[in-house]
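Some notes on the structure that comes next.
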DNA sequence: CTAGTTTCTTATCATACATCAATTTTTTTA
DNA sequence: TAAAAAAATTGATGTATGATAAGAAACTAG
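Residue numbers (our numbering), protein chains in the order written: chain A, 1023 to 1216; chain B, 1023 to 1216.
Next comes the structure, spelled out in structure tokens:
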């Protein structure tokens, strides 16, 4: 009873759910404790869940034809993560979800989420606004990719996500920025000079 | 009365609104007829509307520090367009919206949209799903930027959006793909060889 | 139909970043 | 703490794409 409210509060912050609603939502959330290196989802599989990160760090990762890995998203405390393209469309995953730092997460299925959104309009609003924020971030990232050099993108990344920088390896950041680890290493050397 | 149902049908397809709902929604839509070259929105301004394209072609365009233009989104018939980062957050626009081909569009304000979403849950679901689709497309684009060559991105673009290719200039496409017009020209030459 | 503007193409040269190959540093584990 | 593994760095060289400049082709408007 007490823990119910705790996790609902952590995830949904200041949304004023009724007691019944909170209990109902919580019954659809499953808590998972995972370790660094664990794979939550493999490319090619169906994506039926999204995950709320309570602690730790995960990433979604795309492996291209030539075997190179690309990081689409990092998720730390309070972020949600999934292969949303697949999650929303019921196509198969093109990405995998990998745990980068031991994590505590909560998963919810697409079915449960859709049903809850119909029952509790505030929840639909929550997920819509979350999606809007994520969309805006993706737009900024595309803009950065189109208009900035690798050095500028790195500077922007560590400025925007200082907490993520501390939780991931440089080669993760490189794969997020779209450069090789060698190039990132040279960029970092450059920046310490300034 | 007849026209009301026509435009609601065009925009919202098979959503079964009541007659009252249709009329109410339609009262919040404003029809605009615009010409090639018209600017719907300038960077730096507040973004209070999004636009449904009934006919014609528009783009959102970001001008970077060095004066280069980058195309974030094209919108043809049945697409929505805006600077969504600003639209959703009430920050100022970083992009402008430009009419590329004479167009007929319908605009709706953020306020009206939010209010309608509260009154008509189906509408909130509609906008949420629209956002999910747009999010997925952005994700694919980021993935392409990270993993594909300019040539691959161009091939993928004309394959995915054959209708857009016909409505826009090559330099628009170049600015969407993140290459110079010269590079795009060489790519096109290459591809006709194959 | 002609002149003017816009768009596209071609060529040369420059550069940011990739690739390949070691080597060093850091982290993990026994 | 030593050995092994993982991650980061550095150097030499290659390549895709950018920058600049000029000209050709395709629209547009008088």
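No residue lacks a Cβ here, since even glycine has one placed at the ideal position from N, Cα and C.
Bear in mind the structure is a predicted one, so any value in this text is a computation, not a measurement.
| query | result |
| --- | --- |
| Under a three-way DSSP split, which group does residue 1140 (chain A) fall into? | helix |
| Determine the contact status of residue 1051 (chain B) and residue 1128 (chain B), defining contact as a CB-CB distance below 9 Å. | yes |
| Apart from the five residues just before and just after residue 1114 (chain A), which ones in its own chain have a Cβ nearer than 7 Å to its Cβ? | 1066, 1067, 1068 and 1108 |
| When burial is assigned at 16 or more other CB atoms within 10 Å of the CB, is residue 1062 (chain B) buried or exposed? | buried |
| Along the segment 1150-1182 of chain B, what residues have a CB closer than 9 Å to any CB found in chain A? | 1150, 1151, 1153, 1154, 1155, 1156, 1157, 1158, 1159, 1160, 1161, 1162, 1163, 1164, 1165, 1167, 1168, 1169 and 1170 |
| DSSP three-state label for residue 1160 (chain A), please. | helix |
| Taking residue 1049 (chain A) as the query, report the chain B residues whose CB atoms sit under 9 Å from its CB, ordered along the chain. | Simply none; closest approach about 22 Å. |
| Is it buried or exposed for residue 1111 (chain A), if we count other Cβ within 10 angstroms and need 16 for buried? | exposed |
| Let me see if you follow: with CB-CB separation under 9 Å, is residue 1107 (chain A) close to chain B or not? | yes |
| Write down the C-beta distance between residue 1083 (chain A) and residue 1071 (chain A) rounded to the nearest angstrom, noting that I regard them as a contact closer than 8 Å. | Actually they do not touch by this definition, with Cβ atoms about 17 Å apart. |
| If we define contact as Cβ-Cβ less than 9 Å, is residue 1039 (chain A) a contact residue for chain B? | no |
| Is residue 1079 (chain A) near residue 1125 (chain A), with beta carbons less than 9 Å apart? | yes |
| What do you get for residue 1166 (chain B), buried or exposed, if any count of 16 or more other CB atoms within 10 angstroms of its CB means buried? | buried |
| Taking all protein chains shown into account, decide if residue 1140 (chain A) is buried (16 or more other Cβ within 10 angstroms of its Cβ) or exposed. | exposed |
| Helix or strand or just coil, what does DSSP make of residue 1039 (chain A)? | coil |
| Please state the DSSP three-state secondary structure of residue 1045 (chain A). | helix |
| Where does the unbroken beta strand (DSSP E) through residue 1115 (chain B) begin, and where does it stop? | Where residue 1115 (chain B) is concerned, there is no enclosing beta strand (DSSP E), given that its DSSP letter is neither H nor E. |
| State the DSSP-derived secondary structure class of residue 1104 (chain B), mapped to helix, strand or coil. | coil |
| In angstroms, rounded to a whole number, what distance separates the CA positions of residue 1162 (chain A) and residue 1122 (chain A)? | 24 Å |
| Only counting the same chain, and skipping five residues up and downstream in sequence, which positions put a Cβ closer than 7 Å to that of residue 1058 (chain B)? | 1121, 1122, 1123 and 1124 |
| Tell me, please, whether the segment 1034-1049 of chain B touches the segment 1185-1202 of chain A by the rule of three or more beta-carbon pairs shorter than 8 Å. | no |
| Can you tell me whether residue 1198 (chain A) is buried or exposed? The criterion is at least 16 other CB atoms within 10 Å of its CB, across all chains shown. | buried |
| Along the chain, where does the alpha helix (DSSP H) that runs through residue 1170 (chain A) open and close? | That residue, residue 1170 (chain A), is in no alpha helix (DSSP H); it is neither H nor E in DSSP. |
| Looking at residue 1146 (chain B) and residue 1132 (chain A), is the spacing between their C-beta atoms short of 9 Å? | no |
| Run through DSSP, which three-state label would residue 1202 (chain B) get? | coil |
| From residue 1042 (chain A) to residue 1134 (chain A), what does the alpha carbon distance come to, in whole angstroms? | 16 Å |
| Which value, in whole angstroms, describes the spacing of the CA atoms of residue 1206 (chain A) and residue 1154 (chain B)? | 32 Å |
| Using CA coordinates, which residue listed in A:1056, A:1160 and A:1086 is at the minimum distance from residue 1171 (chain B)? | A:1086 |
| So for residue 1084 (chain A), helix, strand or coil by DSSP? | strand |
| Let me see if you follow: with CB-CB separation under 9 Å, is residue 1066 (chain A) close to chain B or not? | no |
| Between which two residues does the alpha helix (DSSP H) carrying residue 1031 (chain A) extend? | 1024-1034 |
| Can you tell me whether DSSP reads residue 1130 (chain B) as helix, strand or coil? | strand |
| Measure the C-alpha to C-alpha separation of residue 1212 (chain A) and residue 1184 (chain A) and round it to an integer number of angstroms. | 19 Å |
| Taking the alpha-carbon of residue 1097 (chain A) as reference, which of A:1090, A:1117 and A:1075 has the nearest alpha-carbon? | A:1075 |
| With H, G and I counted as helix, E and B as strand and the rest as coil, what does DSSP make of residue 1183 (chain B)? | coil |
| Cutting at 7 Å between CB atoms, please list the residues of its own chain near residue 1095 (chain A), excluding the five before and the five after it. | 1081, 1082 and 1103 |
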